[in-house]
Amino acid sequence: MATVNDVVIKIATVNGTGSASANGLLRKAIFRMGIPVVGKNYFPSNIQGLPTWYEIRVTGDGYQARSTRLDVMVAMNAQTYTRDMMEVSSGGWLVYDSTWPRSKLLNRDDITVLGIPLSRMCNEAFEGVRARILMKNIAYVGAISALLDIDLKIITGLLEETFADKSHLIESNMKAIRLGYDYAKENFVCPLPRKVETMDKTKGHVVIDGNTAAGLGCMYAGATVGAWYPITPSTSLMDAFRDFCAQYRREPDSNKRTFCIIQAEDELAAIGMVLGASWNGARSFTSTSGPGISLMSEFIGFAYYAELPAVIFNVQRTGPSTGMPTRTQQSDILSCAYASHGDTKHVLLFPADPGECFGTAVAAFDFAERLQTPIMVLSDLDIGMNDWMVPEFEWDENYVPDRGKVLSAEELEEVESFYRYLDVDGDGIPYRSLPGVHPKGSYFTRGSGHTKYGAYTEDAAEYKDVVDRLLVKWETAREILPQPDIEYSKFNRTAILTVGSGHAACCEGLDRLKEKNVNVNYCRVKAFPFRESVREFIDKHDVVYVVEQNRDAQLRTLLILDAGVDPAKLVSLLHYDGVPIDAGFVAEKVLEEYSKGRAA
Amino acid sequence: MTYIAKPKITHPGLPKNKLGMTARDYEGTVSTLCAGCGHDSVTAAIIQAVFELNVEPHMLAKMSGIGCSSKTPAYFVSQAHGFNSVHGRMPSVTTGANAANRDLMYIGVSGDGDSLSIGVGQFVHAIRRNLNMCYVIENNGVYGLTKGQFSASADIGSKPKRGQANQQEPIDPVSTALSLGATYISRSFSGDKEQLVPLIKGALMHNGFALVDIISPCVTFNDHEGSTKSYAHTRQFYHHVVDMDFVPPAEEIKAAYAEGDAMPIELHDGSKIVLRKVDRRYDPTSRAAAFKYLREHFHAGEITTGLLYIDESRKEMHDLMGNVDTPLSQLPLDSLHPGAEELKNILKRYS
């Protein structure tokens, strides 16, 4: 009997050969059939010539995480052919370019190898090296369409959208699709026992990556200054912001720009620019990754102490040091929470998927201006650069931005004298004034010791007064940040707790555990400092599995430090090899812990 | 950085500018620098310049990094916002501040350590962007706050108070700025207020990156015999090449200049700079000629001063980018996105 809408396809190609658009076409076609689908990139830190993979998980159940099963491998890269063949799950299929037939010695008897002479067919059908290479990619999309029973009309429709005003490209691409499609139909039994069938589960959804969503969020939030230094995997965030601004940020009459993106000389300068802009009242942000955070740390401490808003997106990658720039991890949790020398701590927001990246981006600017402090949005490569299916984001027309406590010229005119760091309202958040507004608002922004009146000091009591007040602000932050997601499946004393991109794998993992009659409760934290409800949740349990993607249990450490929970309750399940975490890992590890008796 | 406010006693006969303010109204807190420090003279020149330019205090932004020089923004224009950032990073903060609000007048005060060692990267990139600011370097060749180490501007053979003479090539901010395409490059001496005040005025009014490199001797650590940044040495080898007068918009050029010596240059706001060449061979609009002249006189041990290079034709950062005239920070946020309906259209790309 055929398995429907549960298939994992992986395409092995060489980077720089234009396979991304072919893979996107395939993924989109399945989505248009109404079937939930996710796409993950496994790519090298390189421009051209090295192996790259794209994995498409067709998931009728709508799961978002990586699957460790692999049903169909499209092995287009001779260099990785052997390992690609080894990776296919037993009972799966391997499609390859049989223009150069492979030795039978390399065969596996538990999988089916399907050879298609893609190069030969494309060389005969197309002129020019570039066209032949590109069309070979399109041809395998045709072959997969036949093998999985993807509707060709949808593929045609997508090509018509892409090449709306270039009809010759629609024709040539369809020709390539046909080459692969017809060859598969004529030579193999199509469709395979794992196939796709039209559903109605993608309505109201989009497939988008987190960096694009965050860049869009920044545009909607009204950010006007973006300063950055290119770094994988965060570059596409500022690229997206630029593209959206290019379209929507022009002054009507003059056609001049209402945004300013500055590619800085390094991350130190990027964050300096962000702070200069926010000091002047603009919504400003930067996007970076772990190494950038290291470089920005001095300024992040400055912003904490001088109390300047800033939004910093950290699209985390695998560390330490340069690490693996194109692999994912959640290993900057601690370095962000306590970035910079001296007593500093920073607000962190943890989106779990691209849908949340959009909303979190907008919220980050509100929190930054409300709390007058840097807000770090901790995404990661898995969220930022992979294609997730999420509900369409919505914009609330009644959204009122929170610009925080900023005194207007009129208000400054009325006050007898303005002092920058007084806790007037008792919430630890002082009032600020912007340059150029009123002479009475002037003060000296400094990272050196200052009094609550904004003056320089080396006096013990005056210094302490200000840093103690910052702790009051910290508690205010705790009360206004997003609440965790908490689910009680069936009340018991064991739970899973995770953060960010661990959410998808944990949700699927919970389902798998349920199938084995293992019911655990669930908590996903969304912000640091942790809300009181996080501590309460942990206190209610005897064992909490903390699922995170780093070696050193950084989230667990943070929970112990900030939430004051009993460390003995927190059992770490750590996934940190650079590949996105999967549900199998979560379920297996929990069962393993159960078998060891580490469950309540 | 001081917390000692100056007593507010003003002489009724003090001259007032067009805003009805006296020069004393442009002062800051009491300086805590050493008695005789060149930086205090620079502060006085800045006060005179903004007083004469009728600058509204709150429309001035005072930017700095770390070091003796970077303390000085506290000592002028108390009614202006100041930003004392981290070491060597004043240029990036000023870049962001200017990006957000192009209407303010930016003066950055830095030193040779702050700009030529730890901050040399930011210094050169601010020039590259032609950031609209007045960039003052109070250049004394040493680190004062850490007690007298050489900085990157120390000349070969210059002697410290203790230890060996400097053997490394100095980084000259003027020739560095010239090679990078800065659009207003000047050098002066803290002890020459007559030359310095118009240079600062021109730098503040120039529409682009304006460098004012000022030899500003450190009386405590670098004012001894054998130092090339001492008062005595500077006075001896100080060499005026081009002086300038600043003429505000709509004012006639009144002074009488000898023919061939005076060269008026109009600034973007209609004010004028009249260059007075002390050395008639010098051409302050030619980078190549200026560079040759500077190097020759540098090798002769002379300190070339004046408005050494000017180019009013190049666009500053915002105009290079094609940004709106309104400060970005003043645009209403709800005008900056296309709304809920358009979001649906945008998202169609992803379905």
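These protein sequence lines map, in sequence, to chains R and U.
Sequential numbering from 15 applies to the first sequence in my numbering.
Sequential numbering from 68 applies to the second sequence in my numbering.
From the three backbone atoms N, C-alpha and C, an ideal C-beta is built for every residue, glycine too.
- Collapsing the DSSP output to three states places R/I70 in a strand.
- In summary, R/H360 is buried, with 16 or more beta-carbon neighbours lying within 10 Å of its beta-carbon over all protein chains present.
- If you draw a 10 Å sphere on the C-beta of U/P140, you find 16 or more other C-beta atoms in it, and that means buried.
- Relative to the Cα of R/M403, the nearest Cα in the group R/T66, R/I70, R/T17 belongs to R/I70.
- For U/L263, the enclosing alpha helix (DSSP H) begins and ends at 260-272.
- CA-CA distance, R/G105 to R/K554, rounds to 45 Å.
- The CB of U/M388 comes closer than 7 Å to the CB of R271, C274 in chain R, given here in chain order.
- DSSP places U/T213 outside any alpha helix (DSSP H), giving it a letter other than H or E.
- Neighbours of U/D181 across chain R, judged by C-beta separation under 7 Å, do not exist; the nearest C-beta is about 13 Å away.
- None of the residues of the region 327-345 of chain U has a beta carbon lying less than 9 Å from any beta carbon of chain R.
- Using beta-carbon distances, U/A407 counts as an interface residue toward chain R, with a partner under 8 Å.
- In this structure U/P284 touches U/Y298 by the C-beta definition: roughly 5 Å separates them, less than 8 Å.
- Residue pairing by DSSP places R/Y56 opposite R/W67 in a beta bridge.
- For the region 332-400 of chain U, the full-length beta strand (DSSP E) segments reaching 3 residues or more read 339-344, 370-377 along the chain.
- In this structure, DSSP gives R/V480 a helical state, which the three-state scheme calls helix.
- The beta carbon of U/G293 sits closer than 6 Å to those of K226, all from its chain and outside the five residues before and after it, given in chain order.
- CA-CA distance, R/A353 to R/A474, rounds to 24 Å.
- Secondary-structure assignment with DSSP links U/A90 through no beta bridge to anything.
- The closest CA to that of U/P237, considering only U/G230, U/R229, U/G224, is found on U/G224.
- Residue environment: U/E205 is assigned as buried (16 or more neighbouring CB atoms within 10 Å of its CB, all protein chains considered).
- Between R/T170 and R/G48, the gap from beta carbon to beta carbon reaches 8 Å or more.
- Rounded to the nearest whole angstrom, the C-alpha separation of R/E550 and R/V557 is 13 Å.
- Listed along chain R, the residues sitting closer than 9 Å to U/D170 by beta-carbon distance are G450.
- Sixteen is the threshold: since fewer than 16 other Cβ atoms of the shown chains lie within 10 Å of the Cβ of R/V143, the residue is exposed.
- Counting of Cβ neighbours within 10 angstroms places R/N328 among the buried residues, the total reaching 16 or more.
- Counting every other CB atom within 10 Å of its CB across the protein chains shown gives R/V414 a total below 16, marking it as exposed.
- With the rule of 3 Cβ pairs closer than 8 Å, the region 242-251 of chain R does not count as touching the region 427-434 of chain R.
- Look at the region 278-289 of chain R: the residues with a C-beta under 9 Å from a C-beta of chain U are A278, E279, D280, L282, A283, A284, I285, G286, M287, V288, L289.
- DSSP places U/R254 inside the beta strand (DSSP E), whose first and last residues are 251-256.
- Partner residues in the beta bridge of R/D111, as assigned by DSSP, are R/I130.
- The Cβ of U/Y417 sits closer than 8 Å to at least one Cβ of chain R.
- Linking R/V72 to R/A518 through their CA atoms gives a straight-line distance of about 15 Å.
- In terms of Cβ geometry, R/P50 and R/I222 do not form a close pair [threshold 8 Å].
- Not one beta carbon of chain U lies nearer than 8 Å to the beta carbon of R/G578.
- Note on geometry: alpha-carbon atoms of R/A190 and R/C136 lie some 7 Å from one another.
- Put simply, the region 337-346 of chain R does not touch the region 189-207 of chain R. Fewer than three CB pairs are less than 8 Å apart.
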